[in-house]
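A.B. asks:
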Amino acid sequence: MKKRLFILMAAMAVALSLQAQQYVVMSITGKVEVEASGQPKHELRLREVLKPTSTLNIGFKSKVEILDEAAGKKYELKVPGKGRLSEMMKDRQNSAIQLTAQYLAYTKKRLKGNGELTSRHYSDPATVTREVAVSHDSFEEEYRSFQQKAQREYEEFRLNAIRTYADFLKEAWKRYGAKPPQPRPQEKEVKPVVATESQSSPPTALHMVAVEEIVSSLADFTKPQPKPSSPIREQPEEEVMRIDFNFYGTPLKVRFNHKEDIKLRNVTEKAISEAYTKMASLDFNNTIRDCLELRVRYQLSDWAYLQMLDCLAQACCPDNANEATLLMAFLFQQSGYKMRLASDEDLLVMLYSSEHIIYDQGYFILDGDKYYVYKANLASLNICQASFPGEMPLSLCITQPMMIAEEFTEERTLTSKRYPEIELQVSVNKNLLDFYESYPSSMLGGNQMSRWAFYANAPLENPLDRYMVNTLRTKLEGLSTLEAAERILNWVQTSLEYQFDEDVWGHDRAFFAEETVHYPYCDCEDRSILFSRLIRELLGLKVVLVYYPGHLATAVCFGDEQPNGDCIILDGDRYIVCDPTYIGARVGRTMPGMDNAKASVILLEPVKQEGNGTNDKP
């Protein structure tokens, strides 16, 4: 009883503390509306007090600055959309700054005074100003002075960190031997089975299947993308020079005025340190800002961003591979990523840190972290151990579709045998296929089965999503969820040709969904990844991957429909087995020869459905 009372009191204390939290509006740009409990929706006002539960609606190209007096933090919320304040403050695209005691005191004094704060309102999305109210209080000049001082402090912190790092480059080198690579898992070959006439009928009974292991969702390992250790401020330029480069068929450009500054006569510690010291200036700010803006605009994963920096560096230093590596490493580091420079005789290479275990590639252990050589596989290296403030490892998770140029492959016609009306002419973005060719296969959490979750959770590339998903959605209109799932399952089972990876690629190679509908052959894991994605996209159902030794299938949670068949119970929900490799089999049937006693479940992320969209063919 006492324990329950303590838990209840603790919960009440947490709830009261959340209610007590409040934030004061410091400045508003554009249109921002607020909804709070007991209050009608209205346009946000300066000095208005907000709570974590307040709902904000931030317009296009609008932003609001709020102050957390208790924590001494200033938040800038600029991501358009509607949401609770507590959630917006966690959004990685917004920002938070820890204020100095002096600056906090000034800000609180200004908020409590009679002077008018800054509020700008815009009449249209083109941000034409129709009203500007600027403070004329006696603190305005002091306020600007504080802003300039804070900016100088941030800039000096980063520049000092770069200079310190450059000094370490003179001496913090040591010879390391690589650890042997983690080999790709060798699966036994389980041949597909064609269902007999009786097995092609729907199951009439429910059969519970016990599972041996549940593999955690990738969400448990996914973190926000790295960001610079301190804000990268825009710098004025007398003459703006831009460098053009190509990234998987996509023409890009960034500001770059430093071609003559990046000179590396050799790869000795002294020469590398001298070259890095020249980069310790604000002149590179605009280049870094442009790179980070491209990461956001084109929705680049960490791996894609690293490759983009590689393309940029080669365009900037086309005649010297070592200078290109140094520039790439600098931009990668200043974007917030954990990297180390290394040399092997006359070659300079960059190592990137990742919590993933990447298959078939040797790695180095530095301060307990794994480092992989970018675009090389070397047995030993002379490595600089120096670190940089705020650095974070690279992730191989792909959480949003990359917005690259479209160049489509030749069409394939894929038709379901049982349901011939389920027929699609599919073509895929060749540039995306080229990117997937570079994608390293890996696992997280030390579990080899997690590797399939990377492919299954990757969102469909936009043009394929727009056409294939919406065409299928049209063909499935009017059907029950089970009927729709049966058609999708048979389409995957019978429109694609099966072949073992060993025979086609010489090793295990999982496909992203786009690759499965492009290449002439696929295996059980590719079919299951594609099927799991389509079920989540089209029907909004929860799906898991089911791994039997040597074979991968899926199980789908049908909610209230509850069909018969082999099923798995997870958190009280019933998941019905669906095997895209059991040719012609219905929902609920497990392929013969599978050992359910050794089956494992791999959790997948749900897909956020955005509506039907258009049916335009790419």
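Per the working numbering, the sequence shown starts with residue 15, numbered consecutively. Positions of the beta carbon are idealized from the N, C-alpha and C atoms, including for glycine. It should be emphasised that the depicted structure is a prediction, and the values quoted were computed from it without experimental measurement.
(1) Compute the Euclidean distance between the alpha carbons of ASP151 and GLU62, then round it to the nearest angstrom.
(2) Please classify ILE418 as buried or exposed, where buried requires at least 16 neighbouring CB atoms within 10 angstroms.
(3) Measure the alpha-carbon distance for THR628 versus LYS92 and round it to whole angstroms.
(4) If I follow the unbroken alpha helix (DSSP H) through ILE436, where does it start and stop?
(5) Count Cβ pairs between the stretch 226–235 and the stretch 456–465 that sit closer than 8 Å; are there 3 or more?
(6) Could you tell me which whole alpha helix (DSSP H) segments of length 4 or greater appear in the stretch 227–290?
(7) Which of the three DSSP states is assigned to VAL518 in this structure?
(8) With DSSP run on the structure shown, which of helix, strand or coil describes ALA175?
(9) Using a Cβ-Cβ cut-off of 6 Å (strictly less than) and excluding sequence neighbours within five positions of ASP258, which residues of its own chain qualify?
(10) Excluding sequence positions up to five away, which residues of its chain have a Cβ less than 6 Å from the Cβ of GLN347?
(11) Hey, would you say ALA84 sits closer than 8 Å to SER68, going by beta carbons?
(12) Is the Cβ-Cβ distance between PRO240 and TYR386 less than 8 Å?
(13) If distances are taken between C-alpha atoms only, which option among ILE436, ASN504 and ARG550 comes closest to LEU474?
(14) Grab the span of the alpha helix (DSSP H) containing ALA567 for me, first residue to last.
(15) Would you mind stating whether ALA567 and MET605 have Cβ atoms separated by less than 8 Å?
(16) Under 8 Å Cβ to Cβ from GLY607, same chain only, skipping five residues before and after it: list those, please.
(17) Rounded to whole angstroms, what is the Cα-Cα separation between PRO217 and GLY579?
(18) By how many angstroms is the C-alpha of GLU516 removed from the C-alpha of GLY564?
(19) According to DSSP, is HIS56 helix, strand or coil?
(20) Where in the stretch 457–522 do unbroken runs of the alpha helix (DSSP H), each at least 4 residues long, occur, reported from the N-terminal end onward?
(21) Leaving out five residues on either side along the sequence, give the residues of the same chain with a beta carbon under 8 Å from the beta carbon of ASN334.
(22) Is it buried or exposed for PRO594, if we count other Cβ within 10 angstroms and need 16 for buried?
(23) When you compare only the Cα positions, how much space is there between GLU619 and ALA233?
(24) Just to confirm my understanding: we take THR264, look at its own chain, exclude 5 residues before and 5 after, and list those with CB closer than 6 Å. What are they?
(25) Who are the near neighbours of PRO407 in its chain, counting only those whose CB is closer than 6 Å to its CB and skipping five residues on each side?
(26) What is the DSSP secondary structure of PHE422, reduced to helix, strand or coil?
(27) Secondary structure at LEU618, three-state DSSP: helix, strand or coil?
(28) Return the residue from the list LEU438, ASN300, THR282 and ALA224 that minimises the CA-CA distance to VAL254.
(29) Identify the continuous beta strand (DSSP E) that holds ASP358 and give its terminal residues.
(30) To which residues of the same chain is TYR589 closer than 7 Å at the C-beta, ignoring the five residues directly before and after it?
(31) Rank VAL601, ASN484 and MET342 by C-alpha distance to the C-alpha of LEU365 and give the top, closest one.
(32) Could you compute how far the alpha carbon of PRO332 sits from the alpha carbon of GLN375?
(33) Rounded to the nearest angstrom, what separates GLU130 and ASP297 at their Cα positions?
(34) My assumption, with CB atoms under 8 Å, is that GLY575 sits in contact with THR495. Please give the rounded CB distance.
(35) So the beta strand (DSSP E) CYS331 belongs to, where does it begin and stop?
(36) Could you have a look at GLU47 and say whether DSSP puts it in helix, strand or coil?
C.D. replies: In short, the structure shows the following:
(1) Residue placement at ASP151 is flagged as unreliable, the pLDDT there being 46, under the threshold of 50; the coordinate-derived value follows with that caveat. Approximately 19 Å between the Cα atoms of the pair.
(2) buried
(3) For THR628, the predicted structure reports a pLDDT of 35, less than 50, and the residue's modelled location is therefore unreliable. A value from the coordinates is still provided. For THR628 and LYS92, the distance between alpha carbons rounds to 29 Å.
(4) Note, ILE436: premise wrong, no alpha helix (DSSP H); not H, not E.
(5) yes
(6) none
(7) helix
(8) helix
(9) LYS267
(10) MET353 and PHE402
(11) no
(12) no
(13) ARG550
(14) Looking at the DSSP string, ALA567 is not in any alpha helix (DSSP H); the run it does join, the beta strand (DSSP E), is 565–571.
(15) yes
(16) VAL204 and VAL207
(17) 5 Å
(18) 13 Å
(19) strand
(20) 465–471, 484–489, 495–509 and 515–518
(21) LEU278
(22) buried
(23) 7 Å
(24) ILE418 and ALA419
(25) LYS352, SER367, SER368 and GLU369
(26) strand
(27) coil
(28) ASN300
(29) 353–358
(30) VAL558, ALA569, VAL570, CYS571, CYS581 and ILE582
(31) MET342
(32) 27 Å
(33) Annotation note: pLDDT 48 at GLU130 (below 50); position unreliable, no value reported.
(34) Per the sequence shown, the amino acid found at residue 575 is Glu instead of Gly. GLU575 to THR495, Cβ: 5 Å. Contact.
(35) Unbroken run through CYS331: none, as it is neither H nor E.
(36) strand
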